[in-house]
Amino acid sequence: MAGGWTLDGGVLDQIEDTVTDGVLSARARLPAGESLLFCVECGEDIYGIARGVDDRPVNPDRERKSSGSETTFETNLLDTTRIETEIAALAEKVFA
Ligand SMILES: [Zn+2]
Numbered sequence: 355m356a357g358g359w360t361l362d363g364g365v366l367d368q369i370e371d372t373v374t375d376g377v378l379s380a381r382a383r384l385p386a387g388e389s390l391l392f393c394v395e396c397g398e399d400i401y402g403i404a405r406g407v408d409d410r411p412v413n414p415d416r417e418r419k420s421s422g423s424e425t426t427f428e429t430n431l432l433d434t435t436r437i438e439t440e441i442a443a444l445a446e447k448v449f450a
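Everything in the sequence shown is counted per my numbering, starting at 355 for the first residue and increasing by one.
Here it is as structure tokens:
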């Protein structure tokens with residue numbers, strides 16, 4: 355019996371079967387076997403680092419590898435000229 359906005363049990367079963375099939379199919383495509391323990395490029399213990407085990411000393415003076423800047427506005431900006439001005443200002447901050 356159709357239940358208005360609710361789905362019939364048969365339809366729910368079909369959806370559930372489809373989801374189950376999708377999950378099983380995705381699992382079957384996951385790579386199997388051992389993971390790498392050490393980085394191929396630098397030899398670091400990536401297995402441990404991925405699990406939060408990291409004995410490397412903290413070096414606050416190391417070379418910076420990325421930089422960014424962001425601003426939150428009171429309202430969404432819609433004026434293109436204003437948007438360009440704000441982007442230019444953010445870019446200036448990043449390059450400074
Ligand atoms: Zn590495």
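Note that CB positions come from ideal geometry on N, CA and C, so glycine has one too.
As the structure is a prediction and not an experimental result, all values here were calculated from the model.
Q) For L391, which three-state DSSP category applies? A) Here L391 sits in coil by DSSP.
Q) Between the stretch 392 to 409 and the stretch 419 to 435, do three or more beta carbon pairs fall short of 8 Å? A) Flag = no, the stretch 392 to 409 and the stretch 419 to 435 do not touch.
Q. Which class does K419 belong to by DSSP, given the choice of helix, strand or coil?
A. When secondary structure is reduced to three states using DSSP, K419 falls in the coil class, being assigned neither helix nor strand.
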